[in-house]
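In this text, residue positions in the sequence shown follow my numbering: the first is 23, and each later residue adds one.
For each residue, glycine too, the CB sits at the ideal point set by N, CA and C.
From a predicted model like this one, the values you see are computed outputs, not experimental measurements.
This report refers to the structure that appears directly beneath it.
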Amino acid sequence: RALSIIFEHYNKKMKSTPTIPVINIAPYLDGTDKQGVADLVGRACEEIGFFMIQGHNIPLNLLQQVQREATQFFDLPLETKQEISAPFGLGYMGEGTENVAATLKEESKVQDTKESLNLTLPVRDEIWPQNPPQLNDVCKSYYESVEQLASQLMRLFALALNLGEDFFDDKVNNAFTVLRMLNYPAQDPNTVDLSTDSPATRNAEHTDYGTLTILWSPDSRGLQARSRQGEWIDVVAPVDHFIINIGDLMMNWTNDKWISTLHRVIPHKDTLGTRRMSLPFFHNPNPDAMIECIPGCFDDASNPKKYEPILAKSHLEMKVSKALGKEEKME
Numbered sequence: 023r024a025l026s027i028i029f030e031h032y033n034k035k036m037k038s039t040p041t042i043p044v045i046n047i048a049p050y051l052d053g054t055d056k057q058g059v060a061d062l063v064g065r066a067c068e069e070i071g072f073f074m075i076q077g078h079n080i081p082l083n084l085l086q087q088v089q090r091e092a093t094q095f096f097d098l099p100l101e102t103k104q105e106i107s108a109p110f111g112l113g114y115m116g117e118g119t120e121n122v123a124a125t126l127k128e129e130s131k132v133q134d135t136k137e138s139l140n141l142t143l144p145v146r147d148e149i150w151p152q153n154p155p156q157l158n159d160v161c162k163s164y165y166e167s168v169e170q171l172a173s174q175l176m177r178l179f180a181l182a183l184n185l186g187e188d189f190f191d192d193k194v195n196n197a198f199t200v201l202r203m204l205n206y207p208a209q210d211p212n213t214v215d216l217s218t219d220s221p222a223t224r225n226a227e228h229t230d231y232g233t234l235t236i237l238w239s240p241d242s243r244g245l246q247a248r249s250r251q252g253e254w255i256d257v258v259a260p261v262d263h264f265i266i267n268i269g270d271l272m273m274n275w276t277n278d279k280w281i282s283t284l285h286r287v288i289p290h291k292d293t294l295g296t297r298r299m300s301l302p303f304f305h306n307p308n309p310d311a312m313i314e315c316i317p318g319c320f321d322d323a324s325n326p327k328k329y330e331p332i333l334a335k336s337h338l339e340m341k342v343s344k345a346l347g348k349e350e351k352m353e
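Structure representation (structure tokens):
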């Protein structure tokens with residue numbers, strides 16, 4: 023009897039502790055089970071707002087090439103990196119430039135301990151560096167691949183919401199997207215306190231702004247997502263998987279049926295003393311898309327609309343301005 027009580031307790035604990043699901047999207051991409059994959063995606067977006075994908079057809083060696091080129095860029099002298107700069111957070115941003123916590127709490131003074139290179143298409147000299155010489159070609163190839171993956175995920179989202187597969191097509195056919203390369207410099211193990219409930223942050227807790235984020239990291243340890251129950255969950259992905267999370271505008275579109283999840287990057291005990299790198303790709307709707315509650319996600323009587331319609335461009339300008347501490351306008 024005592025043993026059965028222990029197992030009951032263990033099973034309840036396991037059931038109550040959320041995890042980040044892994045979804046193989048190959049049956050969607052090859053057409054053998056589109057709705058089956060969509061159902062899994064919908065469940066993940068509703069329960070936690072994060073999931074990992076495999077079967078995405080983007081080769082690992084391309085991701086590793088981007089990482090190598092980004093590493094060479096971040097190892098350049100600071101003054102060389104600072105030559106690559108443009109409005110709206112594009113080009114190079116140095117350590118301490120960004121405060122993503124302010125996008126939720128304007129009084130926040132937390133400065134993120136990371137530097138970034140932020141690219142968008144088409145290629146422009148002011149934001150695409152010429153050094154290292156292979157970076158542009160490699161990143162452009164990856165950008166085009168992950169941009170296509172984002173379009174496929176948006177179609178998956180439509181099916182998951184019981185909409186026509188092409189529902190979002192005309193709302194994201196001129197999507198504003200940004201490929202970011204993030205470098206978190208190594209931290210001194212002797213100065214980082216991991217014993218507190220609120221450990222020092224490398225990237226403060228925040229939500230993403232748009233429709234979805236596609237993240238790759240050679241080592242994602244340190245990334246945490248907050249569940250609907252308020253628990254911080256480690257997001258540790260196999261190296262050939264992408265981490266997907268939805269953003270604020272997708273939550274608006276679905277009237278909170280899907281959750282734009284708080285997440286953060288904190289020091290990890292096993293990676294102190296080493297740099298941390300990640301490659302998030304941020305996908306947003308067309309700047310002129312009006313974001314308003316989609317069919318099936320509201321009911322005037324029992325589940326009224328929670329958000330006023332908002333222009334995607336206005337929302338993104340507001341968020342970027344808060345993060346950078348100054349007014350920014352999309353070009």
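Endpoints, the beta strand (DSSP E) within which Asn306 is located: By 1-based counting over the sequence shown, the position of residue 306 is 284. Its beta strand (DSSP E) spans residues Arg298 to Asn306.
Through-space distance from Thr41 to Gln285, alpha-carbon basis: For the purposes of this step, residue 285 is taken as residue 263 along the sequence shown, with counting starting at 1. For the purposes of this step, residue 41 is taken as residue 19 along the sequence shown, with counting starting at 1. The question names Gln, yet the displayed sequence has His at residue 285. Cα to Cα, His285 sits roughly 14 Å from Thr41.
Exposed unless 16 or more other CB atoms sit within 10 angstroms - verdict on Asp270: On the sequence shown, residue 270 is found 248 positions in, with the first residue counted as 1. Buried: at least 16 other Cβ atoms inside 10 Å.
Val194 beta carbon less than 8 Å from that of Gly244: Position 222 of the sequence shown, counted from the start, is the residue given in the question as residue 244. Position 172 of the sequence shown, counted from the start, is the residue given in the question as residue 194. Taking 8 Å as the Cβ cut-off, Gly244 and Val194 do not qualify as a contacting pair.
For Phe198: DSSP bridge partner residues: Locating residue 198 in the sequence shown gives position 176, where the first residue counts as 1. Phe198 is bridged to Asn306.
Lys348 classed as buried or exposed, judged by whether at least 16 other C-beta atoms fall within 10 angstroms: Within the sequence shown, residue 348 is the residue found at index 326, counting from 1. When all chains shown are included, Lys348 counts as exposed.
Whole-angstrom distance between Ala48 and Asp55, CA atom to CA atom: Within the sequence shown, residue 55 is the residue found at index 33, counting from 1. Within the sequence shown, residue 48 is the residue found at index 26, counting from 1. Whole-angstrom Cα-Cα distance: 9 Å.
Contact set for Pro302: own chain, Cβ-Cβ below 6 Å, skip 5 residues either direction: Counted from its first residue, the sequence shown places residue 302 at position 280. Cβ neighbours of Pro302 beyond the five flanking positions: Arg202, Thr235 and Leu237.
Inter-residue Cα distance where the pair is Asp52 and Thr102: For the purposes of this step, residue 52 is identified with residue 30 of the sequence shown, where counting begins at 1. For the purposes of this step, residue 102 is identified with residue 80 of the sequence shown, where counting begins at 1. Asp52 and Thr102: Cα-Cα distance of roughly 45 Å.
CA-to-CA distance, Ile316 to Ala334, given in whole angstroms: On the sequence shown, position 312 is the one that residue 334 refers to. On the sequence shown, position 294 is the one that residue 316 refers to. Cα to Cα, Ala334 sits roughly 15 Å from Ile316.
Residue from Leu98, Ile45 and Asp147 with nearest C-alpha to Phe72: Position 50 of the sequence shown, counted from the start, is the residue given in the question as residue 72. Nearest C-alpha to Phe72: Ile45.
Which residues DSSP lists as bridging Phe110, in chain order: On the sequence shown, residue 110 is found 88 positions in, with the first residue counted as 1. Looking at the DSSP assignment, Phe110 forms no beta bridge with any residue, so it has no partner.
Spatial neighbours of Val200 in its chain, beta-carbon cut-off 6 Å, leaving aside the 5 residues before and after: By one-based count along the sequence shown, residue 200 stands at place 178. Within the same chain, Val200 has close Cβ partners Asn140, Thr142 and Phe304.
Spatially closest choice to Leu183 from Gly64, Pro309 and Ser324, by CA coordinates: Taking the first residue of the sequence shown as position 1, residue 183 is located at position 161. Nearest option by C-alpha distance: Gly64.
Cα-Cα separation, Ile332 to Ala180: Here residue 332 corresponds to residue number 310 of the sequence shown, with the count starting at 1. Here residue 180 corresponds to residue number 158 of the sequence shown, with the count starting at 1. If I take the Cα positions, the gap works out to 20 Å.
Burial state of Leu204, where buried means 16 or more other Cβ atoms lie within 10 Å: Numbered from 1 along the sequence shown, position 182 holds the residue referred to as residue 204. Classification for Leu204: buried.
Closer than 7 Å: Asn325 CB and nearest the ligand NAP heavy atom: This structure lacks the ligand NAP; in fact it carries no ligand of any kind.
Minimum C-alpha distance to Phe96 - residue among Ala108, Leu85 and Glu117: Counted from its first residue, the sequence shown places residue 96 at position 74. When only C-alpha atoms are compared, the closest one is Glu117.
Beta-ladder partner(s) of Gln76, from DSSP: Here residue 76 refers to the residue found at position 54 when the sequence shown is read from its first residue. Answer by DSSP bridge pairing, in chain order: Asn46.
Nearest candidate by alpha-carbon position, reference Arg298, set Lys136, Val88 and Leu82: Numbered from 1 along the sequence shown, position 276 holds the residue referred to as residue 298. Comparing Cα positions, the closest option is Lys136.
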